[in-house]
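In this note's numbering, the protein residues as written are 5 to 538. Below is one structure; the comments refer to it alone.
Okay, here's the thing in structure tokens:
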């Protein structure tokens with residue numbers, strides 16, 4: 005493999021991808037990272053299970069609260085810096101650099117590529133929070149953005165604008181910069197697909213030792229716990245929807261059955277490979293999602309147009325005030341929502357970054373960043389505006405369950421309560437349940453691929469059975485936590501993930517510096533060639 009510049013490339017080090025791996029039982033894994041990740045995962049789970057769920061959750065939540073309160077500036081300004089850096093990088097001469105070299109071509113069409121990155125990024129979150137979050141902000145469920153007056157037109161504008169803020173440019177900058185760092189060092193420098201590779205320009209050969217092991221193990225744990233948390237909470241939402249639509253009792257057995265279904269479908273998808281699995285499911289996700297979105301838009305055409313305009317206005321007008329930490333009177337809302345979201349996006353960034361890096365060869369830096377920043381932001385703006393706008397209108401007009409309760413009674417059922425207001429709400433609810441399940445299958449499949457790659461020394465091609473192992477482990481963690489402590493245990497696991505996001509924010513910022521150093525080697529090489537030709 006030839007590189008435009010050998011500086012920081014695999015050719016500048018004696019390390020060989022997979023040299024620290026061991027092969028046993030038909031598996032190919034990095035000895036230290038695999039053993040440490042599995043061991044620490046078991047230790048965390050056993051420790052949590054040894055304590056009463058309520059006590060464990062209370063203790064971990066207190067630590068999480070301290071992290072969100074005392075390091076709010078780190079999360080907020082970390083997200084701001086990553087967004088600014090992404091914009092500058094996209095429009096600079098460095099944006100012309102192609103992932104994989106000048107002659108690299110994409111492995112996937114742009115439509116399939118966007119569908120996969122969107123499904124892996126936050127597709128399931130839109131289902132869960134599309135109705136609940138704007139309604140929460142409008143009705144003062146847990147504070148209002150910038151202390152806006154609830155149940156007012158100004159409060160509606162800020163509710164929709166703040167929701168788009170949480171799911172818009174900042175979130176995708178966190179994701180996009182992580183993915184770009186990984187993709188560049190893998191395809192342009194030949195380094196293994198692991199977080200340690202990003203730091204080679206800063207740490208040199210030390211990344212192949214214990215320092216790199218620590219980075220990779222932390223990445224695995226954050227990804228694994230985030231994946232298990234999402235699976236557990238998503239399983240409970242899907243179970244709530246099934247119970248609501250079909251009248252089944254929503255108990256632990258139904259929740260476990262949903263998780264087993266998701267896990268089984270994910271294993272089938274893993275076995276089918278990237279094209280037959282994740283790519284197919286991601287495209288299916290997008291078709292179902294847009295049909296669902298279109299139906300709601302048609303049924304509420306006037307409301308939708310007004311909500312879209314209001315959401316965009318609220319976002320543009322308030323993006324700078326919402327990005328600040330100083331001078332805020334809405335600290336309860338700030339820590340409970342924005343800082344929490346930024347921490348969660350950081351925690352999910354390695355998962356998203358690893359997966360998107362695998363599918364992004366052949367894209368230029370500019371194309372990559374602009375697509376990752378703009379297209380998902382436009383889709384999430386449309387989704388949140390439409391579902392949030394309709395839900396807020398139901399509250400204002402006292403329509404359906406949301407209008408009767410004047411807000412949120414059960415977060416996991418908010419979407420279904422909104423759909424109940426329509427004559428064929430049951431049909432829409434069935435589509436929603438199907439969408440939730442397919443989104444989660446895609447997430448578990450892509451997550452298994454990511455964790456497997458990290459514990460296999462960054463190899464791109466590994467035995468299929470290893471991916472199956474991680475899909476089973478992720479599902480098993482979610483099932484055990486739900487069985488022992490219900491949603492309290494799952495939420496405790498989520499809090500651990502948020503706590504781990506604090507040091508990971510620093511890792512992402514340093515990774516961006518490392519990326520810049522790497523990209524400059526390409527420019528230096530071009531300048532030398534140009535000077536020699538004169």
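Idealized CB from N, CA, C, for every residue including glycine. The structure displayed is predicted, hence computed values, not measured ones.
Item: Contact under 8 Å by Cβ, residue 139 with residue 412; Value: yes
Item: Cβ-based neighbour list, residue 122, same chain, cut-off 6 Å, excluding 5 preceding and 5 following; Value: 380
Item: Contiguous alpha helix (DSSP H) assignments of at least 4 residues, all confined to the stretch 73–149; Value: 76–95, 114–125, 127–143
Item: Beta strand (DSSP E) segment containing residue 403, residue limits; Value: Unbroken run through residue 403: none, as it is neither H nor E.
Item: Boundaries of the beta strand (DSSP E) in which residue 220 is found, first to last residue; Value: Per DSSP, residue 220 belongs to no beta strand (DSSP E); it is in the alpha helix (DSSP H), 214–250.
Item: Residue 27 (DSSP reduced to helix, strand or coil); Value: strand
Item: Boundaries of the alpha helix (DSSP H) in which residue 426 is found, first to last residue; Value: First-last for residue 426: undefined, no H or E at that position.
Item: Residues bridged to residue 368 [DSSP beta-bridge criterion]; Value: 102
Item: Residue 86 and residue 516 closer than 8 Å at C-beta; Value: yes
Item: Spatially closest choice to residue 137 from 484, 321, 414, 37, by CA coordinates; Value: 414
Item: Beta-carbon proximity check, residue 395 vs residue 135, cutoff 8 Å; Value: yes
Item: Beta-carbon contacts of residue 332 that lie in its chain and below 7 Å, excluding the five residues immediately before and after; Value: 338
Item: Integer-rounded CB distance, given that residue 178 should sit under 8 Å from residue 199; Value: The Cβ separation is near 14 Å, so there is no contact.
Item: Residue burial classification, residue 115 (beta-carbon count within 10 angstroms, cutoff 16); Value: exposed
Item: Buried or exposed by the 16-neighbour rule on C-beta atoms within 10 Å, applied to residue 402; Value: exposed
Item: Reduced DSSP category for residue 334 - H, G, I as helix; E, B as strand; rest coil; Value: coil
Item: Contact check, residue 2 vs residue 361, beta carbons under 8 Å; Value: The requested residue 2 does not occur in the structure, where the chain is confined to residues 5 to 538.
Item: Test item: CB-CB of residue 186 and residue 31 under 8 Å; Value: no
Item: Where residue 257 falls, given that 16 or more other Cβ within 10 Å makes a residue buried; Value: exposed
Item: Span of the alpha helix (DSSP H), counted from its first residue to its last, around residue 459; Value: Per DSSP, residue 459 belongs to no alpha helix (DSSP H) and is neither H nor E.
Item: Inter-residue Cα distance where the pair is residue 322 and residue 166; Value: 8 Å
Item: Beta-carbon gap between residue 110 and residue 367 smaller than 8 Å; Value: yes
Item: Residue 282: first and last residue of the uninterrupted alpha helix (DSSP H) it sits in; Value: No alpha helix (DSSP H) contains residue 282, which DSSP labels as neither H nor E.
Item: For residue 468, the three-state DSSP class (helix, strand or coil); Value: helix
Item: Nonlocal neighbours in the same chain, by C-beta distance under 7 Å from residue 399, ignoring five residues either side; Value: 139, 142, 143, 406, 407, 410, 411
Item: Paired residues, beta bridge with residue 33 - DSSP; Value: 26
Item: Three-way DSSP call (helix, strand, coil) for residue 269 in this model; Value: helix
Item: Contiguous alpha helix (DSSP H) assignments of at least 4 residues, all confined to the stretch 158–224; Value: 173–191, 204–207
Item: Residue 302 (DSSP reduced to helix, strand or coil); Value: helix
Item: Classification of residue 113 by the beta-carbon crowding that lies within 10 angstroms, buried from 16 upward; Value: exposed
Item: Simplified DSSP assignment, three categories, for residue 294; Value: helix
Item: Endpoints, the alpha helix (DSSP H) within which residue 7 is located; Value: Segment: none, residue 7 is in no alpha helix (DSSP H) and carries neither H nor E.
Item: Cβ pair residue 271, residue 472 closer than 8 Å; Value: yes
Item: Contact set for residue 146: own chain, Cβ-Cβ below 8 Å, skip 5 residues either direction; Value: 140, 336, 337, 340, 341
Item: Residue 398 (DSSP reduced to helix, strand or coil); Value: helix
Item: Short Cβ contact (8 Å threshold) for residue 3 with residue 495; Value: A query on residue 3 cannot be resolved here, the shown segment of the chain reaching from 5 to 538 and no further.
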